[in-house]
Each structure stands twice: as C-alpha cells, then as structure tokens.
Amino acid sequence: MRFLLRRLVAVPLTLLGVSVLVFVTTELVPGDVARTILGREASAESVARLRGQLGLERPLPARYADWLGGFVTGRWGESYTLRVPVRDLVLDRLSASMLLAALAFALLVPVAVTLGLVAGVNHDRPMDRLVSVTGLALGATPEFVTGVILLVVFAVRLRWFPASAKAPDGSSLLARLGHLALPAFSLVVLCTGYVARHVRAGAVTAIESPYASAAELRGLTRWQVVRRHVLRNSTISATSALGVQLQFLLGGLVTVELLFNHPGIGALLLSSAVDKDLPTLQATAMVLGLLYMLIVLAADVAFRLLDPRIRLGAAS
Amino acid sequence: MTAIALPYARRRHGAALGIGAAIIVAWAVVAAFWPQLVPYEPDLLDPASRFLPPGSAHWLGTDQFGRDTFSRLLAGSRPVLLVAPAATALAVVAGALVGLAAGTYGGVVDEIVMRVLDAVVVFPSIIATVLVVALAGRSVTVMVLVIAASFVPIVARSVRAATLVEREKSYVEAARLRGERSWGLTVREILPNVSSTVIVEATSRFGDAIFAAATLSFLGLGQPPGSPDWGASVSDNRLWLQLAPWTVLAPALAIASLVVGIALVADALRGRWEAGRS
Chain A
18 MRFLLRRLVA VPLTLLGVSV LVFVTTELVP GDVARTILGR EASAESVARL RGQLGLERPL
78 PARYADWLGG FVTGRWGESY TLRVPVRDLV LDRLSASMLL AALAFALLVP VAVTLGLVAG
138 VNHDRPMDRL VSVTGLALGA TPEFVTGVIL LVVFAVRLRW FPASAKAPDG SSLLARLGHL
198 ALPAFSLVVL CTGYVARHVR AGAVTAIESP YASAAELRGL TRWQVVRRHV LRNSTISATS
258 ALGVQLQFLL GGLVTVELLF NHPGIGALLL SSAVDKDLPT LQATAMVLGL LYMLIVLAAD
318 VAFRLLDPRI RLGAAS
Chain B
28 MTAIALPYAR RRHGAALGIG AAIIVAWAVV AAFWPQLVPY EPDLLDPASR FLPPGSAHWL
88 GTDQFGRDTF SRLLAGSRPV LLVAPAATAL AVVAGALVGL AAGTYGGVVD EIVMRVLDAV
148 VVFPSIIATV LVVALAGRSV TVMVLVIAAS FVPIVARSVR AATLVEREKS YVEAARLRGE
208 RSWGLTVREI LPNVSSTVIV EATSRFGDAI FAAATLSFLG LGQPPGSPDW GASVSDNRLW
268 LQLAPWTVLA PALAIASLVV GIALVADALR GRWEAGRS
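Top line first, the protein sequences correspond to chains A and B.
Under the working numbering, the first residue of the first sequence is numbered 18, with each subsequent residue one higher.
Under the working numbering, the first residue of the second sequence is numbered 28, with each subsequent residue one higher.
(1) Please tell me whether L64 of chain B and L101 of chain B are closer than 8 angstroms, where the distance is taken between their beta carbons.
(2) Taking a Cβ distance cut-off of 9 angstroms, strictly less, list which residues of the segment 280-296 of chain A are near chain B, in chain order.
(3) Please list the segments of the alpha helix (DSSP H) lying wholly inside the segment 230-301 of chain A, counting only runs of 4 or more residues, in order along the chain.
(4) What is the DSSP secondary structure of P102 of chain A, reduced to helix, strand or coil?
(5) Looking only at its chain, what residues have a beta carbon closer than 6 angstroms to the beta carbon of H140 of chain A, apart from the 5 residues adjacent to it on each side?
(6) Would you report the Cα separation of A27 of chain A and I139 of chain B, rounded to the nearest angstrom?
(7) Can you name, in chain order, every residue of its own chain whose Cβ lies under 6 angstroms from the Cβ of G258 of chain B, other than the five neighbours on each side?
(8) Mapping the DSSP letters down to three states, classify T42 of chain A as helix, strand or coil.
(9) Any C-beta of chain A within less than 8 angstroms: which residues of the segment 265-299 of chain B qualify?
(10) Name the chain B residues whose beta carbon is nearer than 8 angstroms to that of F171 of chain A?
(11) Could you work out which residue in B:G47, B:V125, B:V186 and B:S104 is closest to P62 of chain B when comparing CA atoms only?
(12) Anything in chain A within Cβ reach of F233 of chain B, meaning under 7 angstroms, just list it in chain order.
(13) State yes or no: is the C-beta of F202 of chain A within less than 8 angstroms of the C-beta of T272 of chain A?
(14) Is there a Cβ of chain B sitting closer than 8 angstroms to that of G306 of chain A, yes or no?
(15) I'd like to confirm something about I51 of chain B: is its beta-carbon nearer than 7 angstroms to some heavy atom of the ligand MG, or not?
(16) How about A241 of chain B: is its C-beta nearer than 8 angstroms to some C-beta of chain A?
(17) Inspect the beta-carbon positions of I118 of chain B and V225 of chain B and report whether they are closer than 8 angstroms.
(18) Tell me where the alpha helix (DSSP H) around S226 of chain A begins and ends.
(19) Within a Cβ cutoff of 7 angstroms, which residues of the same chain sit near L85 of chain A, ignoring the five residues on either side of it in sequence?
(20) From R68 of chain A to E62 of chain A, what does the alpha carbon distance come to, in whole angstroms?
(21) Name the residues in the segment 69-81 of chain B whose C-beta lies less than 8 angstroms from a C-beta of chain A; which are they?
(22) Any idea if K293 of chain A is buried or exposed, counting beta-carbon neighbours within 10 angstroms, 16 or more meaning buried?
(23) Taking 8 angstroms as the CB-CB limit, is I335 of chain A close to chain B?
(24) Examine the Cβ distances between the segment 275-291 of chain A and the segment 160-177 of chain A and report whether three or more of them are shorter than 8 angstroms.
(25) Comparing C-alpha positions only, which one of A:T131, A:R66, A:L25 and A:V89 sits nearest to V247 of chain A?
(26) On the DSSP bridge assignment, give the partners of D95 of chain B in chain order.
(27) Can you pull the chain A neighbours of L246 of chain B, defined as C-beta to C-beta under 8 angstroms?
(28) Just mark T301 of chain A as buried or exposed, buried being the case when its beta carbon has 16 or more other beta carbons within 10 Å.
(29) Which residues in the same chain as V147 of chain B place their Cβ atom closer than 6 angstroms to its Cβ, once the five residues preceding and following it in sequence are excluded?
(30) Which of helix, strand or coil does DSSP assign to E95 of chain A?
(31) Hey, is I54 of chain A's beta-carbon within less than 8 angstroms of any beta-carbon in chain B?
(32) Can you round the beta-carbon distance between P296 of chain A and W93 of chain A to whole angstroms, since I take them to be within the 8 angstroms contact cut?
(33) Please report the Cβ distance between L32 of chain A and L307 of chain A, rounded to the nearest whole angstrom; I am assuming they are in contact, meaning their Cβ atoms lie under 8 angstroms.
(34) Applying the 10 Å Cβ sphere with the 16-neighbour rule, what's the burial state of W71 of chain B?
(35) Using a Cβ distance threshold of 8 angstroms, determine whether the segment 273-281 of chain B contacts the segment 88-100 of chain B, with at least three qualifying pairs required.
(36) Mind pulling the alpha helix (DSSP H) runs of 4 or more residues that sit fully within the segment 116-184 of chain A?
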C-alpha cells in the first residue's frame, strides 16, 4: 500500500513537470500566434487587439498559472484552427485512439504469450531461434514500414481489409474494428517480439526450476506442466515488459494514425503541432503525458498483484 | 556447460553477425557512392513515363513524376545514414561521459544525475520530439539533436551500471592506492573495461536512431517532402499506394533491411559479450 501511495503522489508531481515543459516549449514557438490566427492579410491593429484579448502581453508565469488552472478545472480553451472547444475535440480523438489501442492490446497479449511459451518450451532449438530472431527483426522495424507492407498485401492485393481506418458513419462496432485491423496489426507486430522475449525468458527459468521437473516426474505432460506451472510464472516478468510496450504503442499511435487516416489523439498531436494550434497541442500533450504515466503505474501494480511474493512482502 | 555452449553460441551468433554486417556495409557503400551507381538522375522528371511498373528500363518502376524508383532508393540511403550515425555518436559520447561521472563520483552527483535522467525518461519522447520540432523548425541539426537527446539517458544508465561494477574491483583499488586521481583513473582504468558495454549500447542505439530518423521523416518532421530519403518517400508516395505500390514498398523494404541488419549485429554482439562474461 505504501508503494502505491508513493507512486500515486508521484503522478501529479511528474505531470506538473510535464506541464512546465509543454507550456514553455509551446510558448517559445516562433511566430506571432495572433498573426497565425488572423492570417497574413490582417492589419497590425487587429493583430494587436487579438493579442490583448488572448492575454499574450502578460508575463509568462502569470499566463502559465492561468493555463494550468484552466487545464485542471477543464477549461481547455478553443482550437485556433478548428474553432471548436479543445476539450470535446481531445476527448473525442482520445476515445477513437483508445478503441485502436484496446484492439491492438487484445491481440498483442495472446500472440506474444503463445509465441514466448513456444520459444521457451523449445529452448535453444531452431523453433526458439526462429521466434526470437523474427521478433527481434520485426521489433526493430518502424511501424509505418510494417503498416505499408500490410497495406500492400492485405488491402491492395488480397483486399481482405479496408485501407483506411475510418469506417463510414453509423457502422457497427464490428465493421469499425474491421477498419482498425491493419493499424492494430502494425502496432502488434512492433510490440510482439519484445514481450515474447520476456515471456520466453520467464518460461525458460520456470521450466528449469525444481517444481517443473517434479511435476514432469509426477507424469504430467509437457503442456500440462506449461499450463499449470510455467504460464503464470512466465507472465510475471512479461507484465512489466507489457507496460513498456504500451508506452511504445502510445507513441506508435502518432505514426499509425497518420498512415491509416485514423482520427485519433496521435494524429491530433501531430496536426496541432504543425498548424501551431497551441491550445490543442498543449491539451493533447498533457492528456498523452497523463495517460503515459497511468500506464506505467498500472503495469507496476499489475506486476505486484500477479506475484504473491511481492504482494505479500509489501503487506508485511 | 560453458565449454560446450560457447562454441555453439559463437557459431550461431557468427552467422547472424556476418549477415547483419554485410547488409550494413552494403548500404554504407551505396550511401557513399550512389552518384556512380544510379542508372538515372534521382530527381529527373519524365512526364512521359509516370507510374511505370517494374521492368527492364526501370527496374523498380517509376513514381508520379516519372522519376526512377531504383535510383531514388539508392540516393535515399544517404540522408538516413548521415543522421543516424551522427545522432548515435553524440548520444554515446555524452551518455558515456555522464554515466562514467555518475558511477565514479557516486554520492550526491550520482543522485542528482540519476533523478534528472529518470525525469527525462518519464517524458514520452514522441511528445517531446513533436514539441521541439514545432518550436525549432525542421532541419537536419534539430533531427540529430532530438534523437541524440532521447538516447543519452539510456546510454548513461547502462554505462553507470557497468562503472559501478568495475569500481569495486581490485585493479581499481590498486590504481587508487598508487595515487591515481579519480577522473584520470576513470578514463585510464575503468573506461577500457566498460568499453564492451559502450559498444553494445552504440550498436543498439544505432538501430533505434535509424528507426527514429525514418519515422521523423515519415511524419514530415525530418527530411523535407520530395527528398529521396526513405521515410519521406514512403510518406510522399503513399497516396498512390493502389496505383504504384512499388514506389512505397521499395523504400519501406530498404528501411526494414537496414534495421534488421543492425538488430542482428546488436543481438550477436550482446550474445558474445554475455557468453564471454559467464
């Protein structure tokens, strides 16, 4: 419990640091914000008037305090370019991204655990090398590269899946998931190798342990031993690997959403940065930062819950 | 166990090392000498031969401007093979110095350095990168600095860990008793002994740097559109994916081959290093 409390306190503190970074960086963006909003043709007076309205003449710390207060209380302002409330925009995009991330995660866990177990059971045999080297190679390949190859094979040649992540309005959940299949696969391909590696390492340790040998000597088949004794032990260390990979997944959203035209939060981060839409950029970066830290926290908690040695150790 | 396992591990890693190194060297040669190797000028526009499929005149076909895909593929190796090694070198030198300093001095220095590095690691690098490029604008220098900065904490951490191990060994104690001062001792005695860590780190980070440079260019935050750079090419040509998939596949597979080559070398080096330690 003390561990959890300490970590929970660390989240807002780190987020505070992130907020300073986000605010200062975006405030330093060259070019006049008022000029950007009004366009090249606007007169000097109207630019000056808008600067006053936006409060751009006030000192930096005062504007930071205002902005942070606004962010915490849910007043995220209006998008410079899209002219809609930033909060609706960000939350809408966030839900689209979460659907994609959830699908990718739901595919990633069984695939990675199975491959890791297969490699671990066949420890140091050709099957192990095949799984390990393939996972290593795919994990080193940028997700837009895998995504493009998947697009050419499954959308252009075989026509099994649609090329765009955007489903027509009013589609069923199943149809929407079909449109998200290829982007989700690209994320899964990126993360599988790393997670499988950890599962494999855990499986090798568990298989070589005395309790596994004892179970085998009692007459259990290899797969019974794996299912009853190895599986859980090998997923413990893989949980923290999953936490790391979820962060990659979050970063991968930017690339994959751009490639597949998915209107998610990663695409929003990129477009708001390119368009210098500062309120949107600030809110998006903060939400992503918060999400990122919650993932790290969740992985840590899950790691502790899965392992009774740590769970009980923490209780005493 | 080790006596039997070692030659097997060597042989196994030897093949991967050889294949990986061959791929890297081949691309390095292409990056250096592409002007002598290309059949066409990479930027040559030829409206009469747009979207030609791969054939004898154009081995890998042409793009929407009639430019030769094969020539652009060769020319596109240069930008990424300039940015990634530069970023890696910068990150490894800076990271190794920070890690050595933190590991050698320990105490307050170590505590401060590690807390700062922790804070940097916590901040998602993709957000930081997008923010910085939006602030500083797109340029090769910004690209190198952004990639290097995101790798420094990773290098520093592993060099620090290796330094802490070495610091406790008797040869360091002996040097200290001889009267060698701390920084000289670090450079002369500890550095050579953590060099294998540095080499393994450098190889892994090189692969990550290719990944990062290609991704930045794909996102429009690195090399400018229209450049034959692989990441930029995939981004430019993906609109014509249905019509001319070869224009997208060629640079995509080139990136894949390079990162896989580096991953094989990195894995083999790490395997040898671990086998050597046990």
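The beta-carbon is built from N, C-alpha and C at its ideal position, and this holds for glycine as well.
Answer, in terms of the structure:
(1) For the purposes of this step, residue 64 of chain B is taken as residue 37 along the second sequence, with counting starting at 1. For the purposes of this step, residue 101 of chain B is taken as residue 74 along the second sequence, with counting starting at 1. Cβ atoms of L64 of chain B and L101 of chain B: closer than 8 angstroms.
(2) Sequence-ordered contacts of the segment 280-296 of chain A with chain B read G283, L286, L287, S289, A290, V291 and K293 [C-beta pairs closer than 9 angstroms].
(3) Taking only runs of at least 4 residues, the alpha helix (DSSP H) segments lying wholly in the segment 230-301 of chain A are 239-242, 248-276 and 282-291.
(4) Here residue 102 of chain A refers to the residue found at position 85 when the first sequence is read from its first residue. Strand, per DSSP.
(5) Taking the first sequence and counting its residues from 1, the one referred to as residue 140 of chain A is at position 123. V221, listed in sequence order.
(6) Here the question's residue 27 of chain A lines up with position 10 in the first sequence. Here the question's residue 139 of chain B lines up with position 112 in the second sequence. Approximately 17 angstroms, taken between the alpha carbons.
(7) What you label residue 258 of chain B is simply residue 231 of the second sequence in a count that begins at 1. Here the set comprises A241, S244 and F245.
(8) Locating residue 42 of chain A in the first sequence gives position 25, where the first residue counts as 1. If DSSP states are grouped into helix, strand and coil, T42 of chain A belongs with the helices.
(9) Taking 8 angstroms as the Cβ-Cβ cut-off, the segment 265-299 of chain B approaches chain A at R265, L268, Q269, P272, V275, L276, A279, L280, I282, A283, V286, V287, I289, A290, L291 and D294, given in chain order.
(10) Here the question's residue 171 of chain A lines up with position 154 in the first sequence. In chain order: nothing, as chain B lies at least about 12 angstroms away.
(11) As a first step, residue 62 of chain B is located in the second sequence; it is residue number 35 there, counting from the start. Closest option to P62 of chain B, Cα to Cα, is B:S104.
(12) Position 206 of the second sequence, counting from 1, holds the residue named residue 233 of chain B. None at all; the shortest Cβ gap to chain A is about 11 angstroms.
(13) Here residue 202 of chain A corresponds to residue number 185 of the first sequence, with the count starting at 1. Here residue 272 of chain A corresponds to residue number 255 of the first sequence, with the count starting at 1. Taking C-beta atoms as the reference points, F202 of chain A and T272 of chain A fail to come closer than 8 angstroms.
(14) Taking the first sequence and counting its residues from 1, one reaches residue 306 of chain A at position 289. By this cut-off, G306 of chain A is an interface position.
(15) For the structure depicted, the ligand MG is absent and the ligand set is empty, with no information on it obtainable.
(16) On the second sequence, residue 241 of chain B is found 214 positions in, with the first residue counted as 1. Yes, its Cβ sits closer than 8 angstroms to a Cβ of chain A.
(17) Within the second sequence, the letter at position 91 stands for residue 118 of chain B. Within the second sequence, the letter at position 198 stands for residue 225 of chain B. First, the residue type needs correcting, since residue 118 of chain B is Ala and not Ile in the sequence shown. Between A118 of chain B and V225 of chain B, the C-beta spacing is not below 8 angstroms.
(18) Numbered from its first residue, the first sequence carries residue 226 of chain A at position 209. First-last for S226 of chain A: undefined, no H or E at that position.
(19) Start at 1 with the first residue of the first sequence, and residue 85 of chain A comes out as number 68. Around L85 of chain A: S36.
(20) Here residue 68 of chain A is taken as the residue at index 51 of the first sequence, counted from 1. Here residue 62 of chain A is taken as the residue at index 45 of the first sequence, counted from 1. Taking the straight line from one Cα to the other gives about 10 angstroms.
(21) Identification of residues in the segment 69-81 of chain B having a C-beta nearer than 8 angstroms to some C-beta of chain A yields an empty set.
(22) Position 276 of the first sequence, counted from the start, is the residue given in the question as residue 293 of chain A. So K293 of chain A ends up on the buried side.
(23) Here chain A covers residues 18 to 333 and nothing more, so residue 335 of chain A does not appear.
(24) Counting Cβ pairs under 8 angstroms, three or more are found: they touch.
(25) Your numbering for residue 247 of chain A matches position 230 in the first sequence. Out of A:T131, A:R66, A:L25 and A:V89, A:T131 has the C-alpha closest to the C-alpha of V247 of chain A.
(26) Sequence index remark: in the second sequence, residue 95 of chain B carries index 68 (1-based). Per DSSP, B:T89.
(27) For this step, residue 246 of chain B is matched to residue 219 along the second sequence. Those within 8 angstroms of L246 of chain B in chain A are V271, T272, L275 and L287.
(28) Within the first sequence, residue 301 of chain A is the residue found at index 284, counting from 1. Buried: at least 16 other Cβ atoms inside 10 Å.
(29) Along the second sequence, one-based indexing puts residue 147 of chain B at 120. The answer, listed in chain order, is P180.
(30) On the first sequence, position 78 is the one that residue 95 of chain A refers to. Here E95 of chain A sits in strand by DSSP.
(31) Position 37 of the first sequence, counted from the start, is the residue given in the question as residue 54 of chain A. Among the residues facing chain B, I54 of chain A is not included, as its CB has no counterpart in that chain under 8 angstroms away.
(32) Locating residue 296 of chain A in the first sequence gives position 279, counting from the first residue. Locating residue 93 of chain A in the first sequence gives position 76, counting from the first residue. Their Cβ separation, rounded to whole angstroms, is 6 angstroms, which keeps P296 of chain A and W93 of chain A in contact under 8 angstroms.
(33) Along the first sequence, read from residue 1 onward, the residue named residue 32 of chain A stands at position 15. Along the first sequence, read from residue 1 onward, the residue named residue 307 of chain A stands at position 290. About 6 angstroms; that satisfies the 8 angstroms criterion.
(34) As a first step, residue 71 of chain B is located in the second sequence; it is residue number 44 there, counting from the start. The sequence as given places Leu at residue 71 of chain B; Trp does not occur at that position. The residue in question, L71 of chain B, is exposed, as its Cβ has fewer than 16 Cβ neighbours within 10 Å.
(35) Taking one beta carbon from each stretch, the segment 273-281 of chain B and the segment 88-100 of chain B have 3 or more pairs nearer than 8 angstroms; the two touch.
(36) For the segment 116-184 of chain A, whole alpha helix (DSSP H) runs of length 4 or above, ordered along the chain, are 143-157 and 160-167.
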